[in-house]
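A short write-up of the structure that comes next.
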Amino acid sequence: MARVVLPEDSTAEISEMIDVLISLLFESLPRRDQRNWARVYLNGLVRTAGKKTIRNIAGTGASSVEQSLQQFISKSPWDWTPVRRSLAQHLERTAQRPLAWVLQPMVIEKAGDRSVGVGRQFVPQLGRTANCQQASGIWLASSEASFPVEWTLTLPGPWTSELLRRRRAGIPDTARSLTPAQDAVHAVQRMAATWQLQRRPVVMEVANSDLPQSIESFTLQDIPFVFKVDGSLPVSFGGAGRHKPGPHTAPARELIDSLRSQRRVVEWTRHGRAEGAVTLLTSASIFATPCEDRPVPAPPTPLMLVGAWTEAALLPSEFWITNIGDRPLAQLFLLAKLTDRVSLDFAETCEPVGIRDFEGRSFRGWHHHATLASVAHAAKLLGARPKLPDGYPGPTRSAAATARPPAVRPATPAVLPPRPHVPGQTPRREYIR
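Numbers 1 to 433, taken from UniProt numbering, label the letters of the sequence shown in order.
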């Protein structure tokens, strides 16, 4: 579904939505003047042309405004977590019910070395080493819209080991240097444990090295997930027994390709486009690889490996691992493709409100700016929508119904066939919109 460009006359509606969100989300700010500066900053994010720096938001000749905004963003000690939590709870009540929590990486390239968290590091999304900040957003996503509600900023080693640098940036004593995936997993765990949200499947891309720990962390909290993985990932399948030889290990790509005779054809519509697409899907039951640092080996966790071909491709090109065993492949595929919905909303709404534009040097300032950019993103999308009637009940499914997804039901273990399947077999077809 293509995103509709907001008309100029929607500015009044967005400003009204900002006023509503100020009253709903910023109750945790103790002083009225703080809430007023939040309103000034939010209106600046949606109205200011060009880069959304504090100076540009304040405008020319307004040094007192610039100083007050600088104080509010970079130095004021207000806690951003209650604001983000309130935003997520409000979106669950008023926006279309989210289908998943989607993890979206964000890379912010920098010229200098003083912005908090900046450093020369290899970035998989860029395919090269860059001088940058690496962050991740957690988005509440449906097929119609997505909203960022939580952010992590990854801190390279020098930012946590060098005491002077740490103090200048105001980095909390509890912050550690982790990989972006580890930071994101910990943020999801905090959300699931303390934010009082209906639990949704988590959709994210995970590197091979981060996968065992990510699976174990979510399994311990009964968090459903759909992880995009690389086709080179070694996976374990099969079992012990007279009729179930194994276990075996093979690359995900090889295992999925051996099951091409079981493919289903899925027709769907790409996010942001009107034309349809065709994808071929199949799956295999596998087991999680245990963490190397676990002192006592845990029982293997049953999982499902899903693979996809484009219509004309000879080999599978996309792979996901999930612990959700009670949904058709087509629905799991749609969950996985919510990353496209998030990428679209990031480019069309979140970037224009300046999510990458913070130029300050403080850890606190970066998180304050990211929080307000998330609220501005929500104001732009919600302000252009028809107002919901009073007493909107929100999602009707209970939290208990979604908190613990059923474990993957055991299936006949996949075994690599001695030869490719005979051409001419017709895959089963599914239609999804």
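Note that the Cβ used here is the ideal one computed from N, Cα and C, for glycine as well.
The alpha carbon of residue 210 has as its nearest neighbour, out of 180, 223 and 219, the alpha carbon of 180. Residue state for residue 380 is assigned as helix, using DSSP reduced to three classes.
Listed as beta-bridge partners of residue 151 by DSSP are 137. The count of Cβ pairs closer than 8 Å, one atom from the segment 326-346 and one from the segment 121-132, stays below three, leaving the stretches out of contact. The Cβ-Cβ distance between residue 120 and residue 361 does not fall below 7 Å.
Contact holds between the segment 253-265 and the segment 277-289, because three or more Cβ pairs, one in each stretch, are under 8 Å apart. In this structure, residue 153 sits away from residue 147, with a CB-CB distance that is not shorter than 7 Å. In the three-state scheme derived from DSSP, where H, G and I count as helix and E and B as strand, residue 115 is classed as coil. With a cutoff of 7 Å on beta-carbon distance, residue 29 and residue 379 are scored as not near each other.
When the beta-carbon positions are compared, residue 229 and residue 321 come within less than 7 Å of each other. Counting the other Cβ atoms within 10 Å of the Cβ of residue 220 gives fewer than 16, which makes it exposed. Within the same chain, and ignoring the five residues on either side of residue 357 in sequence, the residues whose Cβ sits closer than 7 Å to its Cβ are 51, 52 and 53. Per DSSP, reduced to three states, the secondary structure at residue 360 is coil, with no helix or strand assignment.
About 5 Å separates the Cβ atoms of residue 231 and residue 252, confirming a contact at the 8 Å cut-off.
DSSP, read as helix, strand or coil, puts residue 228 in strand.
For residue 323, the closest alpha carbon among the candidates 217, 345, 381 and 250 is that of 217. About 28 Å separates the CB atoms of residue 272 and residue 304; that is not less than 8 Å, and the two are not in contact. In the displayed model, residue 323 falls within coil according to three-state DSSP, outside both helix and strand. Pairwise C-beta distances place the segment 189-205 in contact with the segment 78-94, as three or more of them are shorter than 8 Å. For residue 106, the closest C-alpha among the options 363, 178, 355 and 72 is that of 355. Judged by beta-carbon spacing, residue 18 lies beyond the 7 Å limit of residue 368, meaning their Cβ atoms are not closer than that value. When the Cα atoms are used, residue 108 and residue 301 turn out to be separated by approximately 36 Å. Sequence-distant Cβ neighbours of residue 187 in its own chain, meaning closer than 7 Å and more than five residues away, are 138, 150 and 152. Bounds of any alpha helix (DSSP H) do not take in residue 195, whose DSSP letter is neither H nor E. Excluding five sequence positions before and after residue 175, the CB atoms of its chain that fall closer than 7 Å to its own CB belong to 155 and 160, given in chain order. The C-beta distance from residue 42 to residue 375 rounds to 6 Å, short enough to fall under 8 Å. Counting only unbroken stretches of 3 or more residues, the beta strand (DSSP E) elements lying wholly within the segment 64-134 are 100-109 and 119-123, in sequence order.
Within the DSSP bridge table, the entry for residue 146 names 141 as partners. In terms of Cβ geometry, residue 45 and residue 353 form a close pair [threshold 7 Å]. Judged by beta-carbon spacing, residue 157 lies beyond the 7 Å limit of residue 136, meaning their Cβ atoms are not closer than that value. For the pair residue 335 and residue 226, the CB atoms are nearer than the 7 Å cut-off. Nearest to residue 328 by alpha-carbon distance, out of 347, 345, 310 and 306, is 306. In this model, residue 213 and residue 234 are separated by some 15 Å (Cα to Cα). Counting only residues of its own chain and dropping the five nearest sequence neighbours on each side, residue 35 has a CB closer than 7 Å to the CB of 22, 26 and 29. Here residue 206 carries a coil assignment [DSSP, helix/strand/coil].
The beta-bridge partner set that DSSP reports for residue 307 consists of 282 and 319.
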